[in-house]
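**Student:** I'd like to ask some things about the structure below.
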Ligand SMILES: [Zn+2]
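Residue numbers (the UniProt record's numbering): 1 to 297.
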C-alpha cells in the first residue's frame, strides 16, 4: 500500500512497502520534483500513481544515490514525460557501471526489471548533475516555479554519490540517515559519513529529515546516528592502536569490538574500514571500492 504524507504545504513523503522506501514529492507552480523512483517498473508505477493523485504538473526527478531502490523506476517517469533526472555525476557513472548487477537484487519484487524484459525496464541514469563528482560538498538549485529545491552533497558518506534535497524546512536525505535499522555500510566512507551527519544536523533551517527508508526523524536522531558512528570508529581505531603496541592483540571477532550495531552491520563496517585503510593515497580510489555489495540499498 502506498502512503502519501503531506509534511508541509506542497511537500510530501510517498512511502511504498518494498524496502520501506520513502520517495519525495515537492510541488512548485510550473513543475513538481520527485525524489527517488523505486526498484523497477512496479514500484515506479506505484510511486507515479501516488504523485499523479496529487498533481498533474510536469515532473523532474532526483536520484539520491546509485543504489537500486532509488533509481530503477526512472524509466516509468521518463515515459510519464520527465526529461530532467538529477544526481551526481558519480551517481550516473555508478549506475552505468553497475545497473546490470543491481538487477540481480530486485528479482523478488521486480521480476521484469531483473530480467530486463518488458516496459520501463531500461536503465535511465541522471542527465543533470550537481557540480563535482560527489566526493566533495556541492550544491545545485532546481526551480519549480515559485519554489525551488536545493540539491546538496556533504561529501562521501553512505556512498560516494549521495545527494540531499531540501525545501522549506524539510530535507530528503536518502540513506544518509537510517530509521529502524543500522546504517548500511557496504559502499560507505564511514569517517566522512559521521562528519556529513554532523554537518547535516547543523543545518538549522531543516526540521524534518526524511530518510530513504523508515519514518521521518528529527535533528536529534541525526546527531545520535553521528555519535554512534563516531563511537564505533573510535573503538576500531583504539583496537588497532592496541594491536600495534608491543605484544598487542586485536579483537578476533566483530562482537569483541563492542560496536553499537548488530553483529552483521558491525562486520560490514569493520571490513569497510579495513578496505579503506588499505586503499591507495587519498583521492585514488581503486575501482573495486565502488563496486556494489550485496544487500546495500
Ligand atoms: Zn543506499
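Backbone N, C-alpha and C fix where the C-beta goes; we use that ideal spot for every residue, glycine too.
Kindly list the residues whose CB is nearer than 8 Å to the CB of residue 20, restricted to its own chain and excluding five residues on each side of it in sequence; keep chain order.
**Tutor:** 180, 213, 214
**Student:** In whole angstroms, what is the alpha-carbon distance linking residue 108 and residue 184?
**Tutor:** Their backbone Cα atoms lie some 20 Å apart in a straight line.
**Student:** CB-CB under 6 Å to residue 131, same chain, minus the five flanking residues each way: which ones, in chain order?
**Tutor:** 138
**Student:** Tell me whether residue 37, by its Cβ, gets closer than 8 Å to a heavy atom of ligand 1.
**Tutor:** no
**Student:** Exposed or buried, which one is residue 248 when buried takes at least 16 other CB atoms within 10 Å?
**Tutor:** exposed
**Student:** Classify residue 11: buried if its beta carbon has 16 or more other beta carbons within 10 angstroms, exposed otherwise.
**Tutor:** buried
**Student:** Using three-state DSSP, classify residue 288 as helix, strand or coil.
**Tutor:** Confidence in residue 288 is poor, its pLDDT being 43 and thus under 50, which makes the residue's placement too unreliable to answer from.
**Student:** Buried or exposed for residue 17, going by 16 or more other Cβ atoms inside 10 Å?
**Tutor:** exposed
**Student:** Return yes when the C-beta of residue 70 is under 8 Å from any heavy atom of ligand 1, and no when it is not.
**Tutor:** yes
**Student:** Residue 160: beta carbon under 8 Å from a heavy atom of ligand 1?
**Tutor:** no
**Student:** Please find out if some non-hydrogen atom of ligand 1 comes closer than 8 Å to the beta-carbon of residue 174.
**Tutor:** yes
**Student:** Quick one: Cα of residue 6 to Cα of residue 250, how far?
**Tutor:** 50 Å
**Student:** Can residue 35 and residue 172 be called in contact, C-beta distance under 9 Å?
**Tutor:** yes
**Student:** Give the secondary structure of residue 259 by DSSP, where H, G and I count as helix, E and B as strand, and everything else as coil.
**Tutor:** The three-state secondary structure of residue 259, taken from DSSP, is coil.
**Student:** How would you label residue 243, buried or exposed, when you count the other beta carbons within 10 angstroms and need 16 or more for buried?
**Tutor:** exposed
**Student:** Name the DSSP beta bridge partners of residue 167, please?
**Tutor:** 170
**Student:** Of the choices 262, 256, 154, whose alpha-carbon is the least far from that of residue 192?
**Tutor:** It is 154 whose Cα lies nearest to the Cα of residue 192.
**Student:** In the structure shown, what three-state DSSP assignment does residue 106 receive?
**Tutor:** coil
**Student:** The beta strand (DSSP E) with residue 40 in it runs from where to where?
**Tutor:** No beta strand (DSSP E) contains residue 40, which DSSP labels as neither H nor E.
**Student:** Around the Cβ of residue 206, are there at least 16 other Cβ atoms within 10 angstroms (buried) or fewer (exposed)?
**Tutor:** buried
**Student:** Would DSSP call residue 197 helix, strand or coil?
**Tutor:** helix
**Student:** Would you say residue 184 lies against chain E (beta-carbon separation less than 9 Å)?
**Tutor:** This model lacks chain E altogether; it includes just one protein chain.
**Student:** Taking Cβ to Cβ, would you say residue 70 is nearer than 9 Å to residue 182?
**Tutor:** no
**Student:** Who pairs with residue 143 in a beta bridge, going by DSSP?
**Tutor:** 148
**Student:** Tell me the residue span of the alpha helix (DSSP H) that contains residue 5.
**Tutor:** Taken as a continuous stretch (DSSP letters only), residue 5 belongs to no alpha helix (DSSP H), being part of the beta strand (DSSP E) at 3 to 8.
**Student:** Compute the Euclidean distance between the alpha carbons of residue 288 and residue 232, then round it to the nearest angstrom.
**Tutor:** Note that residue 288 scores 43 on pLDDT, short of 50, meaning its location in the model is unreliable and no value can be drawn from it.
**Student:** Between the C-alpha atoms of residue 199 and residue 124, what's the straight-line distance to the nearest angstrom?
**Tutor:** So the alpha carbons of these two residues sit roughly 31 Å apart.
**Student:** Excluding five sequence neighbours on each side, which residues of the same chain lie with their C-beta closer than 8 Å to the C-beta of residue 58?
**Tutor:** 30, 31, 32, 81, 82
**Student:** Using beta-carbon positions only, say whether residue 164 and residue 144 come within less than 9 Å of one another.
**Tutor:** no
**Student:** Which of the three DSSP states is assigned to residue 98 in this structure?
**Tutor:** helix
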